[in-house]
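A.B. asks: For the sequence shown, this note's numbering assigns the number 4 to the initial residue and increments by one for each residue that follows.
Ideal Cβ positions, reconstructed from N, Cα and C, are used throughout, including at glycine.
Since the structure is predicted, the reported quantities are computational estimates derived from the model, not experimental observations.
The structure under discussion is supplied below as structure tokens; questions concerning it will follow.
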Amino acid sequence: MARGMRIALYQPEIAGNVGAILRLAACFSVPVDIVMPMGFAFSDAKLKRAAMDYGASADVTRHANFEAFDAQRRARGQRLMLMSSHASQRLPEVEFRADDILLMGSESAGVPDAVRDLADVRVRIPMAPGFRSLNIAVSTGIAVAEALRQTGSFPQ
Numbered sequence: 004m005a006r007g008m009r010i011a012l013y014q015p016e017i018a019g020n021v022g023a024i025l026r027l028a029a030c031f032s033v034p035v036d037i038v039m040p041m042g043f044a045f046s047d048a049k050l051k052r053a054a055m056d057y058g059a060s061a062d063v064t065r066h067a068n069f070e071a072f073d074a075q076r077r078a079r080g081q082r083l084m085l086m087s088s089h090a091s092q093r094l095p096e097v098e099f100r101a102d103d104i105l106l107m108g109s110e111s112a113g114v115p116d117a118v119r120d121l122a123d124v125r126v127r128i129p130m131a132p133g134f135r136s137l138n139i140a141v142s143t144g145i146a147v148a149e150a151l152r153q154t155g156s157f158p159q
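Here is the structure:
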């Protein structure tokens, strides 16, 4: 598996969100790792509707569990950048690398403490006071765009 920036989804629960992320990933040529289990079947109509015809172009790898995903990540020597509303490091202050993996937690629970503790960097997207979270597909788009911008990795 080639190195390069990647999106990782930890046990996603909502098909439409994953479909939107697959569409984003295909358009920006960023592979996606999905850590199972998911809260829906990969053939779900909502996933396909959100991904449109871009879904088939997305480079997707499904992993049986986090341990399998993490072993592959470590073998490639890639940093794990956890996007979390609880992180102290703000997105504009983080220095991304072209081969970082941006990990997004599940919609309802994020990631367990054991996974959080393995992240090399924990990043939050700053928001106006009184708001606690963004939709996962929106957060993924913001994080990926900033990482691609910083690393000069947008497709030509």
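(1) Return the first residue and the last residue of the alpha helix (DSSP H) that Ala140 is part of.
(2) Below 7 Å CB to CB, which residues in the same chain sit around Ser3 once its five sequence neighbours on both sides are set aside?
(3) Could you name the residues of the same chain whose beta carbon sits closer than 7 Å to that of Met55, not counting the 5 residues immediately before and after it, in chain order?
(4) Over what stretch of residues does the beta strand (DSSP E) that includes Ala59 continue unbroken?
(5) In the DSSP assignment, find the alpha helix (DSSP H) that holds Ala117 and state where it starts and stops.
(6) Compute the Euclidean distance between the alpha carbons of Thr64 and His89, then round it to the nearest angstrom.
(7) Applying the 10 Å Cβ sphere with the 16-neighbour rule, what's the burial state of Asn20?
(8) Below 8 Å on the Cβ atoms is my contact criterion, and I expect Phe69 with Thr154 to pass it. Report the Cβ-Cβ distance as a whole number of Å.
(9) Determine, using beta-carbon pairs with one atom in the segment 78 to 85 and one in the segment 120 to 138, whether at least three such pairs fall under 8 Å.
(10) Short of 8 Å in beta carbon distance, which residues of its chain neighbour Val126, apart from the five on each side in sequence? Order them along the chain.
(11) Which word fits Ala74, buried or exposed, when buried means at least 16 other C-beta atoms lie within 10 angstroms of its C-beta?
(12) What is the rounded straight-line gap between the Cα of Phe72 and the Cα of Ala53?
(13) Would you identify the three-state DSSP class for Ile104, choosing helix, strand or coil?
C.D. replies: The structure says:
(1) 139 to 154
(2) Nothing can be reported for residue 3: it is not among the residues displayed for the chain, which extend from 4 to 159.
(3) Arg26
(4) Unbroken run through Ala59: none, as it is neither H nor E.
(5) 116 to 121
(6) 27 Å
(7) buried
(8) With 8 Å as the limit, Phe69 and Thr154 do not qualify as a contact, their Cβ atoms being about 25 Å apart.
(9) yes
(10) Met84, Leu85, Met86, Ser87, Ala90, Gln92, Arg93, Leu94, Val97, Ala146
(11) exposed
(12) 25 Å
(13) strand
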